[in-house]
Amino acid sequence: MKKLWKKILWIEGGGLAVIIGFIWLNEYLDLPHVLFKAPPTPFNFTEALFETGLMVVLGGSAILYTIALARRLQNSDREKDRLLEVIAHDLRSPFTTLLGNTELLQNPPEDLSEEDRATLISDIHQSAANTFQMLENLLNWARLRRQHAAPEPELIEARELIDEIIADLEDQWRDKEVTITNNLAKEARIFADPIELRSILRNLISNAIKFSRPQGSVEVTGRKRGGKTRIEVIDHGVGLTRREQKLLMSKHFAFSKPGTKGEKGSGIGLMLVRELTRRNGGKLKLRSAPDKGSVFTLQLPRTVRRSPKVEKKKKQKAESKLAVNSPEKE
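Each residue of the sequence shown is one higher than the one before, counting from 45 in my numbering.
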């Protein structure tokens, strides 16, 4: 698989060389005359050169296009292998916690107090919630890779949605004693697919909690800007180096590192955020510095936008309807 493009170059390049050789052989030997007794034709150097140039341009373009497709296939294959490695590694940890804690609850030692039992149950719940989020991201990512159904956008009250997401993530931020503040303006609206927007914001807020220090803070702010709504998810945690930022925002790489309490992640979450943001006509930016936290800036449409062609047709239809309904002058 690693040398697929070289094989394509050899096979298709060899085929192209054979065709060019046949063009010159036919011109030199006059094969129709030799094989089928057709009327003889003189050797035409200009015609052979033109046909050779044409084959080089067309054949070379086909080879380059095939190599580009092969490289895209290789990138996709590497991405899949990387995801499988990370997922296989990261799923072991939560399941080890689940199995160990449930075994303790099933066969508790004599000195296990109610407080210890409650801690075990809380750890089991948190581990199960993290695993579920990871699997949900994986399933969403696989669905996006498998089908290309267009999003179904609606006008969404962003502040209300963020309040719901913060409530859903209560166990995560309470466990680290992180304070989350929703400072999004009440009139902030977003025109996007509601399911996909929820996944985008949930992953960004969960990521901010993950890299916040215990008793830290996360802030969600936002404002309208022209025809867009701009949302910022701000944490004051460990931050990221330039190299980590580059890897994190890479299109073909699932980058992940442990959170401040050792939380594991597969790196699929941000890949999913980037893809869903693009599908809904938005942009995602990142600003970060080590030990100074991170700011993810999400920009999405806030109004229904029609193309100029649609607007022109709508105007023409309204004008024609007006003309039909107008009374004729006598």
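Where is the CB? At the ideal position from N, CA and C, for every residue including glycine.
Predicted, not measured: the structure shown is a model, and the values here were computed from it.
Could you compute how far the alpha carbon of residue i sits from the alpha carbon of residue j?
| i | j | result |
| --- | --- | --- |
| Ile234 | Leu142 | 39 Å |
| Asn324 | Asn151 | 50 Å |
| Asn80 | Leu69 | Note that residue 80 corresponds to Phe in the displayed sequence, not to Asn. Near 16 Å, if we compare the C-alpha coordinates of Leu69 and Phe80. |
| Ile206 | Asp160 | 33 Å |
| Leu375 | Leu113 | Nothing can be reported for residue 375, as the shown portion of the chain is limited to 45 through 374. |
| Gly303 | Trp54 | 47 Å |
| Pro238 | Thr273 | 15 Å |
| Leu316 | Glu91 | 55 Å |
| Leu420 | Gly306 | Because residue 420 is not part of the residues shown, which for the chain are 45 to 374, the question remains open. |
| Lys327 | Phe340 | 10 Å |
| Leu314 | Glu158 | 39 Å |
| Arg122 | Leu93 | 42 Å |
| Val62 | Thr347 | 58 Å |
| Gln331 | Ile168 | The sequence given here places Arg at residue 331; Gln does not occur at that position. Spanning the two alpha carbons is a distance of roughly 34 Å. |
| Leu292 | Ser256 | 17 Å |
| Lys254 | Ile312 | 15 Å |
| Asn181 | Ser243 | 8 Å |
| Leu248 | Pro345 | 18 Å |
| Ala211 | Ser250 | 12 Å |
| Lys50 | Glu208 | 52 Å |
| Thr110 | Ile64 | 20 Å |
| Val78 | Ile67 | 15 Å |
| Thr265 | Asp219 | 23 Å |
| Asp215 | Ala173 | 9 Å |
| Ile52 | Ile107 | 8 Å |
| Arg318 | Thr146 | 37 Å |
| Leu284 | Leu228 | 25 Å |
| Thr163 | Gln177 | 21 Å |
| Glu204 | Thr175 | 26 Å |
| Gly104 | Glu95 | 14 Å |
| Lys230 | Lys268 | 11 Å |
| Gly59 | Val100 | 11 Å |
| Asn184 | Glu154 | 44 Å |
| Leu149 | Trp217 | 25 Å |
| Leu342 | Lys329 | 7 Å |
| Ala232 | Leu102 | 53 Å |
| Leu245 | Asp125 | 27 Å |
| Pro83 | Leu73 | 13 Å |
| Glu56 | Pro76 | 26 Å |
| Leu179 | Ile200 | 26 Å |
| Lys301 | Leu48 | 32 Å |
| Ser294 | Gly144 | 36 Å |
| Pro86 | Arg115 | 45 Å |
| Glu288 | Ala252 | 15 Å |
| Lys290 | Thr140 | 32 Å |
Going by DSSP, name the residue or residues bridged to residue i.
| i | result |
| --- | --- |
| Val339 | Ile278, Arg331 |
| Leu199 | Phe235 |
| Leu344 | Thr273 |
| Lys268 | Thr273 |
Which term fits residue i, buried or exposed, when burial requires 16 or more other beta carbons within 10 angstroms of its beta carbon?
| i | result |
| --- | --- |
| Glu71 | buried |
| Glu240 | buried |
| Asn88 | exposed |
| Pro197 | buried |
| Pro138 | buried |
| Gly270 | exposed |
| Thr321 | buried |
| Phe299 | buried |
| Ile165 | exposed |
| Ser171 | buried |
| Ala202 | buried |
| Asn119 | exposed |
| Glu276 | buried |
| Ala375 | No information on residue 375 is available, as it lies outside the stretch 45 to 374 that the chain covers here. |
| Arg286 | exposed |
| Ala194 | exposed |
| Leu117 | exposed |
| Leu213 | buried |
Curious, which full-length alpha helix (DSSP H) runs of at least 4 residues does the stretch 204-263 contain?
Within the stretch 204-263, the alpha helix (DSSP H) runs of at least 4 residues that lie entirely inside it are, in chain order, 214-219, 238-254.
Does the stretch 216-230 come into contact with the stretch 261-276, if we say contact requires no fewer than three beta-carbon pairs (one atom in each stretch) closer than 8 Å?
Yes, they touch.
In chain order, which alpha helix (DSSP H) runs of at least 4 residues are fully inside the stretch 74-150?
75-80, 89-150, all fully within the stretch 74-150.
Does the pairing of the stretch 278-297 with the stretch 330-344 give three or more beta-carbon distances under 8 Å?
yes
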